[in-house]
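Protein chains in written order, with the working numbering: chain A, 1 to 111; chain B, 1 to 116.
We put the CB at the ideal spot given by N, CA and C, even for glycine.
Because the structure is a prediction, the values reported are computed rather than measured.
Here the structure is laid out as structure tokens; the discussion comes afterwards.
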Amino acid sequence: GQQLNQSPQSMFIQEGEDVSMNCTSSSIFNTWLWYKQDPGEGPVLLIALYKAGELTSNGRLTAQFGITRKDSFLNISASIPSDVGIYFCAGRNSGNTPLVFGKGTRLSVIA
Amino acid sequence: GAGVSQSPSNKVTEKGKDVELRCDPISGHTALYWYRQSLGQGLEFLIYFQGNSAPDKSGLPSDRFSAERTGGSVSTLTIQRTQQEDSAVYLCASSLFSTGTSYEQYFGPGTRLTVT
């Protein structure tokens with residue numbers, strides 16, 4: 001089946017630093033999504049991308065849908081302690097079909 | 001408004017017992033999904049319901065797993081004869097059937113299942 005390769009697996013950064021993580025796939029997706037999961041909670045949608053090349057921001061978060069439709073990245077600027085959590089990329093082919101998830105990037109922010 | 005709710009939040013069961021996990025989707029959402037998240041892993045698709053269509057069961061790992069959705073709303077995931085490898089967090093999500101950010105999948109808090 002389809003798989004997403006997400007990197008890095010974990011990151012330790014200082015508060016105020018910028019963060020970048022990415023996801024790649026061997027096959028094309030028509031939608032890329034980025035979710036954040038806090039301990040004991042379900043994933044929460046951060047950004048949704050629907051067009052190849054699309055660059056979308058949500059506050060300090062910026063994500064891009066790669067032009068090949070096989071990759072996406074998420075940047076977080078000026079990190080703060082509440083950014084701590086696990087970030088997942090997810091891809092979908094069409095409509096409301098089930099999502100394919102990466103294995104997540106665990107972010108730790110050192111104050 | 002109310003989000004997706006799941007119950008119980010935690011379930012400890014003995015190997016070989018059956019368990020039922022419940023999901024209450026967001027009111028009006030026609031699509032409902034079950035995923036499984038093993039420790040340190042991403043989410044693995046299990047089953048998908050859309051309206052009155054036959055469910056997509058392609059992600060169910062074995063015939064011990066089944067799910068129902070009654071009245072197009074509440075869903076129950078049943079695991080029969082549980083095994084230790086079934087231990088995971090089971091997440092439910094729902095969405096409206098359309099496209100756009102407002103129609104993406106919204107997740108419940110999950111049920112943490114531990115099989116001893």
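Option nearest residue i by Cα separation, candidates the options
i	options	result
residue 117 (chain A)	A:93, A:92, A:73	Because chain A is modelled from 1 through 111, residue 117 (chain A) falls outside the range shown and cannot be assessed.
residue 61 (chain B)	B:115, B:47, B:18, B:92	B:47
residue 49 (chain B)	B:92, B:108, B:113	B:92
residue 83 (chain B)	B:116, B:41, B:31, B:40	B:116
residue 23 (chain B)	B:36, B:74, B:58, B:44	B:74
residue 3 (chain B)	B:28, B:21, B:77	B:28
residue 2 (chain A)	B:7, B:89, B:59	B:59
residue 51 (chain B)	B:21, B:68, B:109, B:43	B:68
Where residue i falls: helix, strand or coil (DSSP)
i	result
residue 56 (chain B)	strand
residue 20 (chain B)	strand
residue 38 (chain B)	coil
residue 24 (chain A)	strand
residue 30 (chain B)	coil
residue 82 (chain A)	helix
residue 80 (chain B)	coil
Contact under 8 Å by Cβ, residue i with residue j
i	j	result
residue 20 (chain A)	residue 106 (chain A)	no
residue 88 (chain A)	residue 50 (chain A)	no
residue 33 (chain B)	residue 80 (chain B)	no
residue 111 (chain B)	residue 38 (chain B)	no
Unbroken beta strand (DSSP E) run spanning residue i, endpoints
i	result
residue 44 (chain B)	43-50
residue 91 (chain A)	85-92
residue 11 (chain B)	10-13
residue 90 (chain B)	88-95
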